[in-house]
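J.: One structure, as structure tokens, below. Some questions next.
Protein chains: 2
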Amino acid sequence: MRPVSGTVKDMTESGARSPRLLRRLNAQTLLRHALTTGDFAAAEAMRASGLSRATVLGVCDELVAAGWLEEIADSRLGGQYQRGRPARRYRLREDAGVLVGVDAGESRFDVAVADLRGTVLAQRHREADPGEVDLDGRRDLVRSLVEEALADPAVQGVPPLVTVIGVPAPVDADGASPEDNSAFWSLMNPGVDPGIPGLVLRENDANLAALAEHARRPEQHVATLLTGERFGAGLVVDGRLLHGRRGGAGEMRFLDLLAADDPDAGPSDGLGALARRWARGELERSAEPSVLRDLDPGRLDAPEVFAAAAAGDALAERIQRRLGERLAHVAVVLASVLDVERIVVAGGIAEAIGPVLAHARTVLEADFYPPHPELVASTLGRDVIVQGALEMGLRRIREDPLALDPGGQSVEVTPSE
Amino acid sequence: MRPVSGTVKDMTESGARSPRLLRRLNAQTLLRHALTTGDFAAAEAMRASGLSRATVLGVCDELVAAGWLEEIADSRLGGQYQRGRPARRYRLREDAGVLVGVDAGESRFDVAVADLRGTVLAQRHREADPGEVDLDGRRDLVRSLVEEALADPAVQGVPPLVTVIGVPAPVDADGASPEDNSAFWSLMNPGVDPGIPGLVLRENDANLAALAEHARRPEQHVATLLTGERFGAGLVVDGRLLHGRRGGAGEMRFLDLLAADDPDAGPSDGLGALARRWARGELERSAEPSVLRDLDPGRLDAPEVFAAAAAGDALAERIQRRLGERLAHVAVVLASVLDVERIVVAGGIAEAIGPVLAHARTVLEADFYPPHPELVASTLGRDVIVQGALEMGLRRIREDPLALDPGGQSVEVTPSE
DNA sequence: GGCCTAAATCTAGGCTCTGAATCAAATGGT
DNA sequence: ACCATTTGATTCAGAGCCTAGATTTAGGCC
């Protein structure tokens, strides 16, 4: 099957018609069904699509020829009733393609390869000193890590259809990041294809985290705070990820307003950074006794503060409360501007954030009118960005699968005609 | 033509097929073209749709039979070239239907009737004492005002296809408003069809203002602050109006955070209300001389304050600066959470808001990092909500015109089959 | 009236879908 | 082993819709 150029969406919107428009719509419907369910019999597809048997089988034949589906000989599986002629069953081909999700953090690099259903097949991780790796170095690092993950035996050499790279910088609709003074963003987002085959997309890391959290409760409106050293939010409202003009939706510059009086806190500081800086600041400025004084100040970090607070240390408890207060304020802003019902704290710090969330809830209830957003910690751990990247790849594929060529099956388009 | 139930979108998304799906898609394309251009020749539609002449004419015949289009005898108009057989031209029927936009404010009621191109044909206005009109009273008032406007000779008895009612309350996807303690919202949004024929939709007034402003610069991301006595924002990000869980997106409850220390200001106070309350508060608490003292305190309002400031009154100038500061803070929050590039101040106060905007820009540049959002006053005046309501109606019609029955042509569906 | 041009109309042909009729493959009972 | 039953696949006629090309038509111009 020669791929038809352009997407169905393009065609219906521009109004340009192709003789195969209807066929294409039907193929898309059935392929989406396959992407969701994995395998199916014709009768099931007839019910789901409203098409006649003849049409379903015809379309499936084409999808088989195109490399998307395969017919499974072992029909009548799953212990359904056993009478009558066995149904023909079709299945998404395992070797049609894989998805790659990348978390290209400031110092942590994570890659996961998943099949078209979203099941993770292989993972790779690497750390790099941010000061030592330049723009090309980061690009090479991502490419080599992806290549390694794709070479994993579990991937079986299946080529990637879509690769999504999460970067700690705003990303606009074209995949580019705005200029910033420090050139940090352009360092984080090279903005050029790193030589990975297939479709390569870039997206802000907090946005990917938001997609991962949204996938767990697709009906909810949710803000996902990716925090640790930095603070960024991914916003899913009315079922869509918000980007804004320069991809900067979810930036926390407004924290300037709340933190203007705070010598230790900047607007882009995450809860982890704040815990450390507030603790150091208080220890320096007062002589108040605290178990934190026994620790190496260079290693003083959020987990130590939380542990000390749990042990009853007054100074640490105070810092924990300040963190909760700040989080509550962020929650109020997001909930009132966007009417999100759920706010998820994600990132490395999420595991330990429980007590801070608890205090933030108290602040919400004491100081602000309801309705209050639900404040929860992400359960996806450090994988949240990679998971979100895979989710974005899945969405992209489901949206318009026929725009992509399934693995190895891509046919050269003859220049003539 | 018997109307087909359901929308094309439904069908393509659910996968259910009708034998007329393709025809319907084409009809939709051509009808959208007609809604945008008004009248057109077949050749033009062929270019725009990519369809063959035979198809275009066939579809147009059906649209004529359905009551959407009419063929104009006077073809070859507009002074185009005169050679060859004259083209058949089609035009949107003036009597296919009208749009109704309603601003059902707390005390002001405005109605505009427009044709399908958005040209306003008739308007009506009425004031009502909010304390005297209950829920049924408001509903009746809206209905009678709409009926009056529809009875205007300029409307020529054309029936309304879509009526959009703007209310000062959050409105969720189903047209309902959440419960609130004061029952103010449910008073403002009766939530039941007021007996107006055709499709009746409800939407938050600030959201409608945002649609009106967005229509002027469709490519921009924009927040529209509807202010005066109250403060509400309509947010258009990534080309879409945001609603959130309960339709509460754009609520300004976060102003609690900024105004917590201010005895005179509440979070839902608009710039008009603030100007008055701050002025009264300052006049009471100090003996500072001011021309505002000469005015009747009961009538002291934003325009008087701005006029006094323009005349050099120090107290009034201070209040104007405080207003600008508050506005700047709101702008920072919206710009950083949503990355909107433009913030429009709309509502009755917009005409006089210039000096406040000027100071707000100064504050933005002095206290916050760029990029700064563009701060402008709406030029649509008090009509902004009605305009937005018409815009929403237009969007709805363009989105799926075939879901509506053009004026008077609606055919009863026989119960059989 | 005859010519020119551009559009409408007519005609043939090809896709694609549906639905009915027919065929095929499995099971279970005898 | 054989056959009835059940369920799905296959085939085929028919209809809807689109395109492309040939033909006709409408109006202006000479």
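Chains as they are written, first to last, in my numbering: chain A, -4 to 412; chain B, -4 to 412. All C-beta atoms, glycine included, are put in the ideal place defined by N, C-alpha and C.
Strictly below 7 Å CB to CB, what residues from chain A border B/Y364?
T.: By Cβ distance, chain A contributes R248.
J.: With H, G and I counted as helix, E and B as strand and the rest as coil, what does DSSP make of A/G293?
T.: Helix.
J.: In its own chain, which residues sit with a C-beta less than 6 Å from the C-beta of A/I380, not counting the 5 before and 5 after it?
T.: Within the same chain, A/I380 has close Cβ partners D98, G161, D200, L203, A204.
J.: Please classify A/Q382 as buried or exposed, where buried requires at least 16 other C-beta atoms within 10 Å of its C-beta.
T.: Result: buried.
J.: Report yes or no: is there a C-beta of chain A within less than 9 Å of the C-beta of B/S9?
T.: With a pLDDT of 35 at B/S9, under the threshold of 50, the modelled position of that residue is not reliable, and the figure given next carries that caveat. Yes - at least one Cβ of chain A is within 9 Å of the one on B/S9.
J.: Taking the alpha carbon of A/R271 as the reference point, which residue from A/G293, A/A29, A/I67, A/R48 has its own alpha carbon closest?
T.: Of the candidates A/G293, A/A29, A/I67, A/R48, the one whose C-alpha sits nearest the C-alpha of A/R271 is A/G293.
J.: Hey, how far is the Cα of A/V115 from the Cα of A/H28?
T.: Whole-angstrom Cα-Cα distance: 20 Å.
J.: Which runs of the beta strand (DSSP E) fall wholly inside the stretch 73 to 161 of chain B and span at least 3 residues, in chain order?
T.: Correct list: 84 to 87, 93 to 99, 103 to 109, 115 to 122.
J.: If I follow the unbroken beta strand (DSSP E) through B/E369, where does it start and stop?
T.: That run of the beta strand (DSSP E) goes 369 to 372.
J.: Who are the neighbours of A/D395 on chain B, taking C-beta pairs under 8 Å?
T.: Here the premise fails: no neighbours, minimum Cβ distance about 13 Å.
J.: In three-state terms, what does DSSP make of B/E65?
T.: Reduced to three states, the DSSP call for B/E65 is strand.
J.: So the alpha helix (DSSP H) A/D362 belongs to, where does it begin and stop?
T.: Per DSSP, A/D362 belongs to the alpha helix (DSSP H) from 349 to 362.
J.: Rounded to whole angstroms, how far is the Cβ of A/G92 from the Cβ of A/V153, which I believe are closer than 8 Å?
T.: Confirmed, about 6 Å.
J.: Pick out the complete alpha helix (DSSP H) segments inside the stretch 283 to 345 of chain B, 4 residues or longer, and give them in chain order.
T.: Correct list: 297 to 305, 309 to 333.
J.: Is the separation between the beta-carbon of A/L30 and that of B/D233 shorter than 9 Å?
T.: No. Outside cutoff.
J.: Would A/D414 and B/E246 be called neighbours here (beta carbons separated by less than 9 Å)?
T.: Residue coverage of chain A in this structure runs from -4 to 412, which leaves residue 414 of chain A outside it and unanswerable.
J.: With distances taken from CA atoms, which of A/I191, A/E143, A/E336 is nearest A/P213?
T.: Ranking A/I191, A/E143, A/E336 by Cα distance to A/P213 puts A/E336 first.
J.: Just checking: is the beta-carbon of A/R241 within a distance shorter than 9 Å of some beta-carbon in chain B?
T.: So, interface residue.
J.: Does B/E412 have its Cβ less than 9 Å from a Cβ in chain A?
T.: Because the pLDDT of B/E412 is 24, which lies under 50, any placement of that residue in the model is unreliable, and the number read from its coordinates should be weighed accordingly. Not one chain A Cβ lies under 9 Å of B/E412.
J.: Interface residues of chain B around A/V232 at Cβ under 7 Å?
T.: Ordered by position in chain B, the residues that pass the 7 Å Cβ test against A/V232 are L237, G239, A244.
J.: Using the three-state DSSP reduction, which class does A/F249 fall into: helix, strand or coil?
T.: Three-state result, A/F249: coil.
J.: Does the beta-carbon of A/T374 have 16 or more other beta-carbons within 10 angstroms, so that it is buried, or is it exposed?
T.: With fewer than 16 other Cβ atoms within 10 Å, it is exposed.
J.: Among the candidates A/H216, A/S181, A/L20, A/A164, whose CA atom is the shortest distance from the CA of A/L46?
T.: Among A/H216, A/S181, A/L20, A/A164, the Cα nearest to that of A/L46 is on A/L20.
J.: DSSP three-state label for A/R225, please.
T.: Three-state DSSP puts A/R225 in a strand.
J.: For B/S263, which residues in chain A fall below 7 Å Cβ to Cβ?
T.: By Cβ distance, chain A contributes nothing, its closest Cβ being about 10 Å from B/S263, past 7 Å.
J.: With a CB to CB cut of under 8 Å and the five nearest residues on each side skipped, what residues in its chain are close to A/M41?
T.: Correct list, in chain order: S47, R48, V51.
J.: Give the residues of chain A in contact with B/E336, contact being defined as C-beta atoms less than 9 Å apart.
T.: Ordered by position in chain A, the residues that pass the 9 Å Cβ test against B/E336 are G239, R240, R241.
J.: For A/D264, write down the residues that DSSP places opposite it in a beta bridge.
T.: Partner(s): A/R225.
J.: Return the first residue and the last residue of the alpha helix (DSSP H) that A/L184 is part of.
T.: Sequence inspection shows Asn at residue 184 of chain A; the Leu mentioned does not correspond to that position. Segment: none, A/N184 is in no alpha helix (DSSP H) and carries neither H nor E.
J.: For B/A309, does the count of other Cβ atoms within 10 angstroms reach 16, so buried, or fall short, so exposed?
T.: Classification of B/A309: exposed, given that the 10 Å Cβ count is below 16.
J.: Does the CB of A/S331 have a neighbour CB from chain B at under 9 Å?
T.: So yes, A/S331 belongs to the interface.
J.: Please report the Cβ distance between B/G343 and B/R321, rounded to the nearest whole angstrom; I am assuming they are in contact, meaning their Cβ atoms lie under 8 Å.
T.: 18 Å between Cβ atoms; not a contact.
J.: Buried or exposed, going by whether 16 or more other CB atoms sit within 10 Å of the CB of A/G96?
T.: Buried: at least 16 other Cβ atoms inside 10 Å.
J.: Given 8 Å as the limit, is there contact between the stretch 383 to 403 of chain B and the stretch 100 to 115 of chain B, that is, 3 or more CB pairs closer than that?
T.: Touching, per the Cβ criterion.
J.: Output, in chain order, the set of chain B residues within a Cβ distance shorter than 9 Å of A/L16.
T.: Within chain B, the residues near A/L16 are L17, L20.
J.: To the nearest angstrom, how far is the alpha carbon of A/Y85 from that of A/A61?
T.: Cα to Cα, A/Y85 sits roughly 13 Å from A/A61.
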